[in-house]
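Those letters in the sequence shown? Residues 826 to 1046, per my numbering, in order.
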Amino acid sequence: MIDAAGAAQALEALHEEIRGCVACPLSRTRIQAVPGDGPVTARIMAVGEAPGETEDRTGKPFVGSAGQLLTRLLESVGLQRSDLYICNVLKCRPPANRDPMPEEVEACAHFLDAQVELIRPDVILLLGRHALQRILPGAAGISRSHGTRIRDRGRVYVPLYHPAAALYQGSLLETLQDDMRRVRGYLDEAEAERAHAAAETAMSDAEAEAVAAAHEQLTLF
Ligand code: URA
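Here you go:
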């Protein structure tokens, strides 16, 4: 496993690769690619759909109105945006913000997989149906699964309505706020589980050392 400095370097190299990607026709209509943003050490990752107009102009994910709502939702449960690594299924804006096409999702897939591998978060928030479908293709749809904790291959996933959906449909805002409070609880539990696992490892290391020391004592006589 690489250390944090190595992972940060690898993440920056991946971002550079994404910025130069011409694997699909979206590279011809974008202003710039939007790789992702946040610390490589983030314990929580959020995956959205694709950059919109503001993201295409700035090169940063979730900085338009949906992004501002996401920031407020995070802050309402005591999280800062800078606590998260945020990225999208697609790294380039689809013209007029149309839905991602399967071949575009496929062309970008290895980038998202590499981001998850480098960040290794405890919890991944899946913002909207495209992120849910891309990461957990067998899961129930967003209207059934939002706010639930899905454990899969050692990671915790939480599907959430996309913040843009709550901007268009005000009734979803309260649901999103409730779900975000659940996320806070899931995160606290994931933290506690990690601390417990670290304590157990430290304990068994100490035990192994004690056994080795006793063995050494015995062999002296
Ligand atoms: N919507 C997304 O899914 N991603 C962004 O980065 C912005 C809006």
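Using N, Cα and C, we set each Cβ at its ideal position, and we do this for glycine too.
**Proximity to T883 [Cα-Cα], best of L904, R844, A871, T896** = For the purposes of this step, residue 883 is taken as residue 58 along the sequence shown, with counting starting at 1. Minimum Cα distance to T883 is reached at R844.
(Q) For the segment 888-900 against the segment 1000-1017, do three or more pairs of beta-carbon atoms, one drawn from each stretch, fall closer than 8 Å, so that the two count as touching? (A) yes
*Whole beta strand (DSSP E) runs in the segment 965-1037 with 3 or more residues, listed along the chain?*
975-977, 980-985
Determine the direct distance from the alpha carbon of G995 to that of E928, and round the result to whole angstroms. Within the sequence shown, numbered from 1, the residue matching residue 928 stands at position 103. Within the sequence shown, numbered from 1, the residue matching residue 995 stands at position 170. Cα-Cα distance, rounded: 32 Å.
Exercise for the section: Give every residue of the same chain whose Cβ lies closer than 7 Å to the Cβ of A991, excluding the five residues on either side of it in the sequence, and list them in chain order. Expected result: As a position in the sequence shown, residue 991 is number 166, starting the count at 1. Excluding residues within five positions, the ones whose Cβ falls inside 7 Å are L894, L997, L998, L1001.
Measuring alpha carbon to alpha carbon, tell me which residue in P850, G863, A829 is nearest H840.
As a first step, residue 840 is located in the sequence shown; it is residue number 15 there, counting from the start. Among P850, G863, A829, the Cα nearest to that of H840 is on G863.
Please look up how many angstroms separate the CB atoms of G972 and L985, rounded, as I've assumed it's under 8 Å. By one-based count along the sequence shown, residue 972 stands at place 147. By one-based count along the sequence shown, residue 985 stands at place 160. Right, their Cβ atoms sit about 7 Å apart.
Among all residues, which have a Cβ less than 6 Å from at least one non-hydrogen atom of the ligand URA, and in what chain order do they fall? G873, E874, A875, P876, G877, E880, P886, F887, G889, A891, G892, N913, A989
Margin query: In the DSSP assignment, the beta strand (DSSP E) including L909 goes from what residue to what residue?
Written below: Residue numbering aside, residue 909 sits at position 84 when the sequence shown is read from its first letter. Element bounds for L909: 909-913.
Can you check DSSP and say which residues form a bridge with V948?
As a position in the sequence shown, residue 948 is number 123, starting the count at 1. DSSP output for V948 lists I869, V981 as bridge partner(s).
For D938, which three-state DSSP category applies?
Taking the sequence shown and counting its residues from 1, the one referred to as residue 938 is at position 113. In the structure shown, D938 sits in a helix (DSSP, three-state: H, G or I).
- Query: Where does D828 sit, in a helix, a strand or coil, going by DSSP?
  - Reply: Here the question's residue 828 lines up with position 3 in the sequence shown. In this structure, D828 counts as coil in the three-state DSSP scheme.
Measuring straight from C-alpha to C-alpha, what distance separates A934 and R853?
As a position in the sequence shown, residue 934 is number 109, starting the count at 1. As a position in the sequence shown, residue 853 is number 28, starting the count at 1. Roughly 19 Å between the two C-alpha positions.
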